[in-house]
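Visitor:
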Amino acid sequence: MSVVISPSILNCDFGHFADELARISTADYVHVDVMDNHFVPNLALGLPLVEAAVHASPVPVDAHLMIEDPDRWAPVYAEAGCASVTFHAEAASAPLRLAREIRAQVGLALRPATGVEPYVDILGEFDMILVMTVEPGFGGQSFIESMMPKVSRTRKAIRDAGLDVWVQVDGGVSRSTIEKAAQAGANNFVAGSAVYRAEDAAAEVEALRQLAAPHVH
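Numbering-wise, the sequence shown is residues 8 to 224 according to my numbering.
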């Protein structure tokens, strides 16, 4: 299993959007956080900006929907050209049905207080499980290390089922935390502040990749 680095644009300079996307051309995906000020207490990055990212990004778009009613809206983001669409377990009324309706790579996101156990039997419906390592809503938060056992349980459940499903972590991922996440079983890493506050974003992407690589199998 390969290391996947997905920088979040939440902390980029939107006044120079195309240039900011170009800075991460060595990444695997660009992670776009969509927030509706209902599911999370923040409003950010709706469908028009996601469509702009799809057209301007040198790498595929990974949309993380922190919104109410993903049953209605998640397929729209796939239709807009997102290569990957992740919705929250806590917000979906029918996660299995929704996973089958999304015509893209599909992810299931879990807030810190949400366990993976209720979803073990349907892991095969997803391409990725996102274990939030902060409470979703704002960038720049500190990594919650106590989520690492959940990452490990998620990876074990995937392996026990003989599945090829990525485990993504999002929140506080940096040089000081990425190895812990990789050791726990993650292989897909969303890093926002760490990449976009670096002087050389491409070099930071590569540094993160090199730190995680020895621990991802």
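We put the CB at the ideal spot given by N, CA and C, even for glycine.
For L50, I'd like the list of residues in its chain whose CB is within less than 8 Å of its CB, leaving aside the five on either flank, ordered along the chain.
Guide: In the sequence shown, residue 50 corresponds to position 43, counting from 1. Excluding residues within five positions, the ones whose Cβ falls inside 8 Å are M42, D43, N44.
Visitor: Just verifying my parser: in three-state terms, what is the DSSP assignment at D167?
Guide: Along the sequence shown, one-based indexing puts residue 167 at 160. Here D167 sits in helix by DSSP.
Visitor: Out of A99, P48, D69, E75, which one is the CA nearest neighbour of A90?
Guide: On the sequence shown, residue 90 is found 83 positions in, with the first residue counted as 1. Checking every option, the nearest Cα to that of A90 belongs to D69.
Visitor: Hey, I16 and V39: beta-carbon distance below 8 Å or not?
Guide: Reading the sequence shown from its first residue, position 9 is the one you call residue 16. Reading the sequence shown from its first residue, position 32 is the one you call residue 39. In this structure, V39 lies closer than 8 Å to I16 by Cβ.
Visitor: Measuring only the C-alpha atoms, how far is A99 from E124?
Guide: Here residue 99 is taken as the residue at index 92 of the sequence shown, counted from 1. Here residue 124 is taken as the residue at index 117 of the sequence shown, counted from 1. C-alpha of A99 to C-alpha of E124: approximately 16 Å in a straight line.
Visitor: Who are the Cβ neighbours of H222 in its own chain at under 8 Å, not counting the five residues just before and after it?
Guide: Working through the sequence shown from its first residue, we reach residue 222 at position 215. A distance below 8 Å between beta-carbons, with the five flanking residues on each side excluded, links H222 to the following residues of its chain, in chain order: E186, A189, Q190.
Visitor: Which of the three DSSP states is assigned to M154 in this structure?
Guide: As a working note, residue 154 is residue 147 in the sequence shown. Residue state, collapsed to three classes: helix.
Visitor: Which same chain residues, not among the five before or five after F133, have their C-beta less than 7 Å away from its C-beta?
Guide: Within the sequence shown, the letter at position 126 stands for residue 133. Once the five neighbours on either side are set aside, the close Cβ partners of F133 are A106, V113, G114, L115, V172.
Visitor: Taking a contact to mean a Cβ-Cβ separation below 8 Å, would you say F46 touches H95 in this structure?
Guide: Position 39 of the sequence shown, counted from the start, is the residue given in the question as residue 46. Position 88 of the sequence shown, counted from the start, is the residue given in the question as residue 95. Yes, they are a contact pair.
Visitor: Jot down the residue ranges of each uninterrupted alpha helix (DSSP H) in the segment 60-148, minimum 4 residues, whole runs only, in chain order.
Guide: 77-86, 102-108
Visitor: Determine the burial state of I31: buried for a count of at least 16 other Cβ atoms within 10 Å of its Cβ, exposed for fewer.
Guide: For the purposes of this step, residue 31 is taken as residue 24 along the sequence shown, with counting starting at 1. I31 should be labelled buried.
Visitor: In terms of residues, what are the limits of the alpha helix (DSSP H) holding V174?
Guide: As a position in the sequence shown, residue 174 is number 167, starting the count at 1. Note, V174: premise wrong, no alpha helix (DSSP H); beta strand (DSSP E) at 173-177.
Visitor: Can you give me the Cβ contacts of V212 inside the same chain, cut-off strictly under 7 Å, excluding the 5 residues immediately before and after it?
Guide: The residue you call residue 212 lines up with position 205 of the sequence shown. For V212, where only same-chain residues beyond five positions count, the Cβ hits under 7 Å are I12, P14, I31, T33, A34, V202.
Visitor: In the DSSP output, what is I12 paired with across the bridge?
Guide: Here residue 12 is taken as the residue at index 5 of the sequence shown, counted from 1. The beta-bridge partner set that DSSP reports for I12 consists of F196.
Visitor: Please state whether the Cβ-Cβ distance between D167 and V197 is less than 8 Å.
Guide: As a position in the sequence shown, residue 167 is number 160, starting the count at 1. As a position in the sequence shown, residue 197 is number 190, starting the count at 1. Result no, Cβ atoms of D167 and V197 do not sit closer than 8 Å.
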